[in-house]
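Numbering (our numbering), first residue to last: 38 to 735.
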Amino acid sequence: MRPNSPSSGQWYAPISPPNPGLTQQSITVPGSALPGRTPIYKNAKFPDAVLGTDDYKVTTAYEAFARGLAKSAKLKCLGHRPYDPATKTWGKYVWQTYEEVAKRRDAIGSGIVKLHENSLSGKTSQYCVGIFAKNRPEWTITDLGCASQNLISVALYDTLGGDSTQYIVNHCEMEMIICSLDHVAQLLAIKHQMPKVRVIVTMDELDSGEVAGHTKASLLQSWGKEKDVQIMSFKQLEQLGNQFPRAHNMPKMDDIWTINYTSGTTGNPKGAMLPHHTVPASSLASGAATGAGPNDIAFSVLPLAHCYQRSIDNGMLYAGGAIGYSHGDILAIVEDMQLLKPSIFPSVPRILSRFAAAIRAQTIYAPGVAGAISRTAFAAKNAKIEAGGDNTHILWDRVWCAKIKKIFGGNLKVISSGSAPISHDDYRFLQCALGCSIVNGYGLTETNATACVALPKDCSVGHCGPPMVLNEFCLRSVPSMNYTIEDKPNPRGELWIRGPNRFREYLKDPVKTAEAITEDGWFMTGDVFQVDSMGRFGMIDRVKNFFKLAQGEYVAPEKIENYLLSSPIAAQIMVHGNSEESYLVAIAGVNPDEFAPWASKILNRQINPTDIEAVKQACQEKKVKDAYLKICEANSTKGKLAGFEKIKRVFMTVEPFTFENDLVTPTMKVKRSQAAKFYKKEIDEMYAEKMVEKIAKL
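Here is the structure:
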């Protein structure tokens with residue numbers, strides 16, 4: 038045990054009691070405990086099996102889509118909003134049926150193979166095809182086309198920089214990239230660093246009626262010729278496939294379906310190789326969480342290059358449901374939802390926090406009668422949940438919730454939250470305001486985004502539910518951080534996962550693979566969890582994410598950040614410290630919708646949340662920073678944090694960590710080392726400010 042580390046049992050994010058009607062959620066396997074490891078946990082509904090699918094004929098991504106096609110051939114499959122360049126507006130949703138998507142899938146798969154036969158390596162299967170675009174029908178059709186010919190799809194993150202893009206392309210020896218038009222020039226500019234790339238297919242039209250010789254096609258194809266790259270449109274690829282149709286080259290369950298590169302906070306991304314059998318496995322899991330069926334519509338808004346959204350979308354295709362894509366403007370999500378009317382909405386805390394802030398401003402924070410009614414409704418629904426009930430209410434669901442749900446299309450049935458912990462306040466408020474199931478889940482690239490998820494009827498907070506039916510869990514003690522399986526009241530340790538959704542290996546990296554997978558098949562997540570007496574798991578820390586202060590105290594920053602983010606005022610926060618300083622400081626990114634009215638009261642002047650410069654100026658006011666530090670102090674005390682775990686200074690601004698400044702990964706995790714260098718001046722000033730105060734007191 039390390040001296041001065043957080044003492045055992047002194048802190049942990051509390052898991053609140055479940056609804057009285059809920060039974061045990063996971064069970065332990067007798068005799069499965071090993072030294073330093075808990076017994077194996079399984080989903081209580083299926084204690085004797087780990088299920089890879091509920092249909093044993095479905096073992097691949099190809100067969101998973103075939104299942105949905107058989108269920109819903111004439112029904113909606115993929116929907117998008119077309120753009121009208123003349124009016125510069127986005128239209129209503131236009132749909133393709135399952136049959137139409139299947140036909141296009143066949144053509145694209147055949148076209149890709151024909152191109153490889155003609156001008157590329159001549160390989161016939163299991164070679165990599167890149168997909169580089171925001172969510173749209175062509176993304177999914179390309180992915181399905183690859184599966185129909187036993188090819189490996191590799192997603193390039195829309196938010197990755199050129200260095201990572203060229204690394205991935207070269208690492209998996211990619212020869213063809215299918216992308217949106219806006220990425221063609223970017224790829225051509227770095228083509229000299231990607232020698233194997235020979236074909237770039239743009240999902241958009243290359244000819245929009247421009248003057249001959251000045252079309253996008255002529256300009257890009259001329260540039261491509263200089264770079265020894267063939268440029269063609271998706272339509273041309275589809276026509277090629279229709280001209281030279283091929284029988285499906287059906288994959289086997291152990292063939293590689295995709296290589297998904299993890300968005301690490303340091304170093305080059307690792308290529309997690311996911312076999313085909315992970316697709317029906319994760320589809321079963323996501324379907325169990327959302328209850329998806331042929332009559333459901335899922336909103337596809339999170340990057341498909343990240344396994345979370347891709348798993349949800351695959352679950353919809355498996356179930357025969359429909360997928361409607363965001364038109365790409367993250368600020369216009371509500372507009373998309375009002376037109377789409379989705380029943381399933383996969384989201385992340387950052388988006389849900391903004392929704393919660395906007396709804397609060399119009400309801401419980403509103404003046405007059407409307408505000409009073411909203412506060413009464415919220416209090417009644419919250420009291421029911423606190424008493425162990427669900428989030429429905431015979432009166433307020435019709436009088437209050439229905440109006441709020443209408444803002445998001447009116448049909449919301451399930452909202453899933455993943456990728457990061459959601460604040461308890463936002464979670465509870467949205468449960469009450471929207472009246473639908475809001476389930477918090479956990480998964481990783483290496484488990485195809487699925488692992489555990491809270492049960493829809495469990496309205497308690499602080500956990501991600503039991504293992505899904507496809508997984509086994511266990512916890513391993515981490516004595517170096519003072520987390521042990523003997524901790525009370527809940528065992529704590531690193532989460533290990535096993536099941537049919539686990540990746541095979543990291544591409545060309547046996548060392549990292551051996552560090553991640555044990556000899557008996559467990560994937561070591563690197564995340565610290567606790568498990569309560571009901572068998573519900575909740576994340577509390579990262580194994581390697583800690584540092585030491587000047588007096589020898591060990592600090593786990595993510596644990597502290599989770600408590601500080603329980604206040605809706607900040608949407609982002611990074612706690613910082615080092616061995617040369619005796620206390621912690623923080624960089625906080627405020628949520629303008631929550632911050633502006635709060636700061637207005639402190640400064641006694643009106644601050645408009647849409648006036649970002651005014652918000653930034655208010656962030657620098659000492660009164661504001663002192664008031665925020667008091668909130669942090671209260672949340673830290675509530676979380677039973679030690680004195681050295683409380684921040685003493687804060688720098689506040691709007692969105693300090695973004696894709697543009699390269700301080701977050703595509704899954705919105707802060708790159709701590711880079712962020713500390715980027716904000717070195719502000720960090721140094723915070724420590725200097727504290728030193729000046731010390732000297733002044735002498």
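Don't be surprised by glycine CBs; every beta carbon is placed ideally from N, CA and C.
- Mind the definition here: the segment 498 to 505 touches the segment 516 to 531 only if three or more C-beta pairs lie below 8 Å; say whether that holds. no
- Contact between the segment 638 to 651 and the segment 586 to 594: three or more CB pairs below 8 Å? no
- Task: Report the option in F696, A322, L507 and S460 whose CA atom is closest to the CA atom of I534.
- Result: Here residue 534 is taken as the residue at index 497 of the sequence shown, counted from 1. Checking every option, the nearest Cα to that of I534 belongs to L507.
- Backbone secondary structure at A587 - three-state DSSP: Counting from one through the sequence shown, the residue named residue 587 turns up at place 550. A587 falls in the coil class under three-state DSSP.
- Query: Of the residues E263, D244 and L256, which one's Cα is nearest the Cα of I227?
  - Reply: In the sequence shown, counting from the first residue as 1, residue 227 sits at position 190. Comparing Cα positions, the closest option is E263.
- In terms of residues, what are the limits of the alpha helix (DSSP H) holding S454? Translated into the one-based positions of the sequence shown, residue 454 becomes position 417. No alpha helix (DSSP H) holds S454; the beta strand (DSSP E) holding it covers V451 to S454.
- Buried versus exposed call for E556 [16 or more other C-beta atoms within 10 Å across all chains shown]: Within the sequence shown, numbered from 1, the residue matching residue 556 stands at position 519. So E556 counts as exposed.
- Task: Grab the span of the alpha helix (DSSP H) containing R468 for me, first residue to last.
- Result: On the sequence shown, residue 468 is found 431 positions in, with the first residue counted as 1. Looking at the sequence shown, residue 468 is not Arg but Gln. H461 to L471 is the extent of the alpha helix (DSSP H) around Q468.
- Message: Let me check one thing: in DSSP terms, what residues is D121 bridge-paired to?
- Response: Within the sequence shown, residue 121 is the residue found at index 84, counting from 1. According to DSSP, which records beta bridges pairwise, D121 is partnered with T126.
- Query: Taking the alpha-carbon positions, what's the V622 to T161 distance?
  - Reply: If you number the sequence shown from 1, residue 622 lands on position 585. If you number the sequence shown from 1, residue 161 lands on position 124. For V622 and T161, the distance between alpha carbons rounds to 56 Å.
- For R518, the first and last residue of its enclosing beta strand (DSSP E): Counting from 1 along the sequence shown, the entry for residue 518 is found at position 481. Note that residue 518 corresponds to Met in the displayed sequence, not to Arg. It is not in any beta strand (DSSP E) - M518 carries neither H nor E in the DSSP assignment.
- Task: Would you list, in sequence order, the uninterrupted beta strand (DSSP E) runs of no fewer than 3 residues that lie entirely inside the segment 480 to 562?
- Result: 509 to 513 and 529 to 535
- 6 Å CB neighbourhood of N279 in its chain, flanking five on each side removed: On the sequence shown, position 242 is the one that residue 279 refers to. The residues are A144.
- Shortest alpha-carbon distance to K790 belongs to which of T179, A395 and V687? Nothing about residue 790 can be read from this structure; the chain reaches only from 38 to 735.
- Would you list, in sequence order, the uninterrupted beta strand (DSSP E) runs of no fewer than 3 residues that lie entirely inside the segment 74 to 105? 78 to 80
- Query: Got a sec: does the ligand HEM put a non-hydrogen atom nearer than 7 Å to the Cβ of G680?
  - Reply: You won't find the ligand HEM in this model; it holds no ligand whatsoever.
- Query: Do A551 and A342 have their CB atoms nearer than 8 Å?
  - Reply: Taking the sequence shown and counting its residues from 1, the one referred to as residue 551 is at position 514. Taking the sequence shown and counting its residues from 1, the one referred to as residue 342 is at position 305. In this structure, A342 does not lie closer than 8 Å to A551 by Cβ.
- Element boundaries [beta strand (DSSP E), containing D350]: Position 313 of the sequence shown, counted from the first residue, corresponds to residue 350. Per DSSP, D350 belongs to no beta strand (DSSP E); it is in the alpha helix (DSSP H), C344 to A356.
- H430 classed as buried or exposed, judged by whether at least 16 other C-beta atoms fall within 10 angstroms: Here the question's residue 430 lines up with position 393 in the sequence shown. That one is buried.
- Message: Can you look up M269 in the DSSP assignment and give me helix, strand or coil?
- Response: The residue you call residue 269 lines up with position 232 of the sequence shown. In this structure, M269 counts as strand in the three-state DSSP scheme.
- Query: Beta carbon of F560, beta carbon of E682: below 8 Å?
  - Reply: Here residue 560 refers to the residue found at position 523 of the sequence shown. Here residue 682 refers to the residue found at position 645 of the sequence shown. Against a cut-off of 8 Å, the Cβ pair of E682 and F560 comes out as no contact.
- Do P504 and N80 have their C-beta atoms within less than 8 Å of each other? In the sequence shown, counting from the first residue as 1, residue 504 sits at position 467. In the sequence shown, counting from the first residue as 1, residue 80 sits at position 43. Yes. Within cutoff.
- Query: Among all the DSSP beta bridges, which residues are the ones paired with D200?
  - Reply: Working through the sequence shown from its first residue, we reach residue 200 at position 163. According to DSSP, D200 bridges with nothing at all.
- What is the C-beta distance between T295 and I189, in whole angstroms, given that I count them as a contact (C-beta under 8 Å)? In the sequence shown, counting from the first residue as 1, residue 295 sits at position 258. In the sequence shown, counting from the first residue as 1, residue 189 sits at position 152. Between I189 and T295 the Cβ distance is about 6 Å, and since that is below 8 Å, they are a contact.
- Query: Between E210 and the rest of its own chain, which residues show a CB-CB distance below 6 Å, the 5 nearest in sequence each way excluded?
  - Reply: One-based indexing of the sequence shown puts residue 210 at position 173. K233.
- Message: Let me check one thing: in DSSP terms, what residues is F382 bridge-paired to?
- Response: Your numbering for residue 382 matches position 345 in the sequence shown. Note: F382 sits in a beta bridge opposite I452.
- Taking only the alpha-carbon atoms, compute the straight-line gap between A110 and M353 and give it to the nearest angstrom. Counted from its first residue, the sequence shown places residue 110 at position 73. Counted from its first residue, the sequence shown places residue 353 at position 316. Distance between the alpha carbons of A110 and M353: 14 Å.
- Query: Hey, quick one: how far does the beta strand (DSSP E) through P312 stretch, first residue to last?
  - Reply: Residue mapping note: residue 312 aligns to position 275 of the sequence shown, counting from 1. G308 to P312 is the extent of the beta strand (DSSP E) around P312.
- Item | D569 to A326 span [Cα, whole Å] | Locating residue 569 in the sequence shown gives position 532, where the first residue counts as 1. Locating residue 326 in the sequence shown gives position 289, where the first residue counts as 1. Rounded to the nearest angstrom, the two C-alpha atoms are 20 Å apart.
- Item | Residue range of the alpha helix (DSSP H) that includes F715 | Within the sequence shown, numbered from 1, the residue matching residue 715 stands at position 678. Per DSSP, F715 belongs to the alpha helix (DSSP H) from R709 to F715.
- Query: Which residue from G261, A359 and A284 puts its Cα closest to that of Q133?
  - Reply: Translated into positions along the sequence shown, residue 133 becomes position 96. Closest by alpha carbon: A359.
- Message: Let's test the definition: count the other Cβ atoms within 10 Å of the Cβ of D200 and tell me whether it reaches 16, buried, or not, exposed.
- Response: In the sequence shown, residue 200 corresponds to position 163, counting from 1. By the neighbour-count rule (16 or more Cβ atoms within 10 Å), D200 is not buried but exposed.
- Would you say the segment 616 to 636 touches the segment 378 to 395, given that touching needs at least three Cβ pairs under 8 Å? yes
- Measure the C-alpha to C-alpha separation of N672 and S603 and round it to an integer number of angstroms. Position 635 of the sequence shown, counted from the start, is the residue given in the question as residue 672. Position 566 of the sequence shown, counted from the start, is the residue given in the question as residue 603. If I take the Cα positions, the gap works out to 8 Å.
- Bridge-paired residues (DSSP) for K113: As a working note, residue 113 is residue 76 in the sequence shown. In the DSSP output, where bridge partners are listed per residue, K113 has T134.
- Message: On the CB-based measure, 16 or more other CB atoms within 10 Å of its CB, does H229 come out buried or exposed?
- Response: Taking the first residue of the sequence shown as position 1, residue 229 is located at position 192. Result: exposed.
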